[in-house]
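Below: one structure, written as structure tokens.
Number of protein chains: 2
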Amino acid sequence: MRAPAELLEEARGGSRAALARLLSYVEGGGEALRATAALAYRTPVPYVVGLTGPPGAGKSTLTDQYIAAVLAARPEGEGRLGVLCVDPTSPFTGGAILGDRIRMQAHATDDRVFIRSMATRGHLGGLSLAVPDAVRVLGATGSARVLVETVGVGQMEVDIASAADTTVVVTNPGWGDAMQANKAGLLEVADVFVINKADRAGVRETRRDLEQMLDLGGARDWRPPIVETVATSGEGIAGLLEALDAHRAHLDGAGLVDRRRAHVRAQLEAVVAAALRERAAARAAGAALEAAVELLLESRGDPYGAAETLLSDP
Amino acid sequence: MRAPAELLEEARGGSRAALARLLSYVEGGGEALRATAALAYRTPVPYVVGLTGPPGAGKSTLTDQYIAAVLAARPEGEGRLGVLCVDPTSPFTGGAILGDRIRMQAHATDDRVFIRSMATRGHLGGLSLAVPDAVRVLGATGSARVLVETVGVGQMEVDIASAADTTVVVTNPGWGDAMQANKAGLLEVADVFVINKADRAGVRETRRDLEQMLDLGGARDWRPPIVETVATSGEGIAGLLEALDAHRAHLDGAGLVDRRRAHVRAQLEAVVAAALRERAAARAAGAALEAAVELLLESRGDPYGAAETLLSDP
């Protein structure tokens, strides 16, 4: 294992290979992750946009257009744009997913952007803990902004939203019922709604369904705007960027800190729980566990006393 | 709180009120549970029959008939029959469920049987940990045999089977598809199959489906017999008792110890995990957690280091 400090230095100097290695440390978990995190978390957190939605909604094409638009409008010295692609439902590893993203390869050699498909190979908390770690590694190596694209499937979209400052939920025309079924989840995470494939029939109905859902969701200090896009042609992307900027401006000040505090608290609780699971596996295993099992079998102890003994052994 | 040692003494002397109090300690968790377990686990474990199946399969009626049949055939000095009724899907508390079991009240004043509806009010591991504890309390107060009746819903039937020496899965005629969907779960837990309501149409098809499932399940040292019953009339109950005795005879010797060792190991691992969750909740909370959150927000630490600090604080 090469020292994370060295790799971080090289990555800051522009080495994409060093950055890729650090992200592999994050995915792999264990000591390499811990050493990487100890450094990466010492720099300010980048602004994170989350993009989520069901398979087939057009998220990769939107991501591609987002990258192009951000690079075109990029202010001087803003630093690199980091992009993390997360598909926990894919049976393929990171490399295979990336291979699928042929359009993104247009950006793959652009120094102003770094694209990575995330996989977990050993991270104790799975993707929902690996993603915020990867965000911090990108932040520590020159990315001021990170886009996290995830397939929204059940809990995963909520988990990923808990790493994002602004979360975009991508829908398509004709998805009234599907959205209805997941109403609570969508209201919880969405800061911006996109109706992608807006050149198809049913846009008006989908917009009406979303508006109704927002009406019923009660008063909040931010009402998610609904942006129509046709990602394949780039139509509406400028409107999406405006909506993102508007939400960021809305958050600037106390709102952003409150949101990040809630995210950090949830992340820390998850890390504590994962660390305890690891300890439990280490403690309640092997010879000590088997000895306790035999005592219990002989009616010479109870499981609560035995657990206490297992957990208090040095 | 009255001392569990005193209550145990009274319950052994025949006090049903003292026994009920001990079982409430188990349900309530905490110190009272621990003190009760420390005593109850010092006596040999009773023989446990688990009876599980979906709502509406006729489990309470079968249980009622089982109680009557066991009492009628009861060998001298076998001790009391304990019955635990577990319905985790019921919105009612133990009392309400018991009220529903009007037929069982025929046995409610019989000194040779003790019936209890289990609820959890604070047990750290939920019903799947409370049930084995309650079994041991019954064992320590004169029950040599315990029947655990549970609604089989998803994981619950597997959990309860892990407290039983012999598990009966109750089906009804016409349940081919439902059983097919849960094939793996049924094969994992069933030692005896019952086709209850066997006076209805479709018995032959259900038996054929079960046989096929068992054929495909591969060779095991015990092939679960399939017993037909009509619980409302008592038909087939004698056959069920024979099947239970056959399985118990099959297990006697090494098989029973192996099975109980696996159960005890799973139980101990679950208790260790639950104890760690309790510790985590206590540690990663309050002022220490909030202080760590602020450090993280200021980029002055990483969550892995912070978790370690939280967990190592005395």
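Chains A and B supply the protein sequences, listed in that same order. First residue of the first sequence? That's 2 in this note's numbering, and the numbers climb one at a time after it. First residue of the second sequence? That's 2 in this note's numbering, and the numbers climb one at a time after it. The beta carbon of each residue, even a glycine, is placed where N, CA and C say it ideally should be.
- prompt: Could you give the distance in angstroms between the alpha-carbon of T167 of chain B and the alpha-carbon of V136 of chain B?
  reply: 14 Å
query: Looking at the C-beta of P5 of chain A, does it have a partner C-beta in chain B at a distance below 7 Å?
result: no
query: Which value, in whole angstroms, describes the spacing of the CA atoms of H45 of chain A and R43 of chain B?
result: The identity of residue 45 of chain A in the sequence shown is Pro, whereas the question assumes His. Using only the alpha carbons, I get a separation of about 57 Å.
message: Measuring only the C-alpha atoms, how far is E279 of chain B from L85 of chain B?
response: 27 Å
field: Proximal residues of chain B, C-beta to C-beta of L20 of chain A below 8 Å
entry: The contacting residues do not exist; L20 of chain A stays about 18 Å from chain B at best.
- prompt: Any beta-carbon of chain B closer than 7 Å to the one on S300 of chain A?
  reply: yes
- prompt: Which of helix, strand or coil does DSSP assign to E79 of chain B?
  reply: coil
field: Reduced DSSP category for Y67 of chain A - H, G, I as helix; E, B as strand; rest coil
entry: helix
- prompt: CB A232 of chain B to CB N197 of chain B, shorter than 7 Å?
  reply: yes
message: Counting C-beta neighbours from all protein chains within 10 Å, is the total for G15 of chain A 16 or more, i.e. buried, or is it exposed?
response: exposed
field: Collapsed DSSP secondary structure at A308 of chain B in the structure displayed
entry: helix
Extent of the continuous alpha helix (DSSP H) run through M316 of chain A: Since the displayed chain A opens at 2 and closes at 315, residue 316 of chain A lies outside it and no answer follows.
- request: Could you list which residues in chain A have their beta carbon closer than 9 Å to that of L23 of chain B, in chain order?
  value: Near L23 of chain B there are no residues of chain A at all, since even the closest Cβ is about 14 Å away, more than 9 Å.
Own chain residues within Cβ distance below 7 Å of L20 of chain A, not counting five before or after: A12, F115, T142
- prompt: How would you label W176 of chain B, buried or exposed, when you count the other beta carbons within 10 angstroms and need 16 or more for buried?
  reply: buried
- request: Label V190 of chain B either buried or exposed according to how many other C-beta atoms from any shown protein chain fall within 10 Å of its C-beta, with 16 as the threshold for buried.
  value: buried
query: How far does the alpha helix (DSSP H) with V258 of chain A in it reach, from first residue to last?
result: 255-284
Boundaries of the beta strand (DSSP E) in which E150 of chain A is found, first to last residue: 144-152
field: Burial state of Q268 of chain A, where buried means 16 or more other Cβ atoms lie within 10 Å
entry: buried
query: So, using beta-carbon positions, are H248 of chain A and D192 of chain A closer together than 7 Å?
result: yes
message: If you follow the beta strand (DSSP E) that G240 of chain B is in, where does it begin and where does it stop?
response: Note, G240 of chain B: premise wrong, no beta strand (DSSP E); alpha helix (DSSP H) at 238-252.
- prompt: When DSSP labels each residue in this structure, what does E229 of chain B get in the three-state scheme?
  reply: strand
message: How far does the beta strand (DSSP E) with G1 of chain A in it extend, from its first residue to its last?
response: What is shown of chain A runs 2 to 315, which leaves residue 1 of chain A out entirely.
- request: With 8 Å as the C-beta to C-beta threshold (strictly closer), list the residues of the stretch 251-270 of chain A near chain B in chain order.
  value: V258, R261, R262, V265, R266, Q268, L269, E270
message: In the DSSP output, what is G54 of chain A paired with across the bridge?
response: A:V152
message: So, for A171 of chain B: in the same chain, excluding its five sequence neighbours on each side, which residues have a beta-carbon less than 6 Å away from its beta-carbon?
response: For clarity, residue 171 of chain B is Val in the given sequence; the question names Ala instead. For V171 of chain B, where only same-chain residues beyond five positions count, the Cβ hits under 6 Å are G54, A58, K60, V195, N197.
message: Is it buried or exposed, M214 of chain B, if we count other Cβ atoms within 10 angstroms and call 16 or more buried?
response: buried
query: By a C-beta neighbour count over all protein chains shown, 10 Å radius and 16 as the cutoff for buried, is V138 of chain B buried or exposed?
result: buried
query: Which class does T62 of chain A belong to by DSSP, given the choice of helix, strand or coil?
result: helix
- prompt: Under the rule that 16 or more other beta-carbon atoms within 10 Å means buried, what is D134 of chain B, buried or exposed?
  reply: buried
- prompt: Looking at C-beta atoms only, is the number of pairs between the stretch 254-265 of chain A and the stretch 225-241 of chain A that lie closer than 8 Å three or more?
  reply: no
field: When A:H251, A:V204, A:D112 are compared against R221 of chain A, the one with the closest alpha-carbon
entry: A:H251
message: So, with DSSP's three-state summary, where would you put R117 of chain B?
response: strand
task: Verify the CB distance criterion: does V132 of chain A have a CB-CB separation below 7 Å to chain B?
output: no
- request: Determine whether the Cβ of R35 of chain B lies closer than 7 Å to any Cβ atom of chain A.
  value: yes
message: List, in chain order, every chain B residue whose beta-carbon is nearer than 7 Å to that of L311 of chain A.
response: V273
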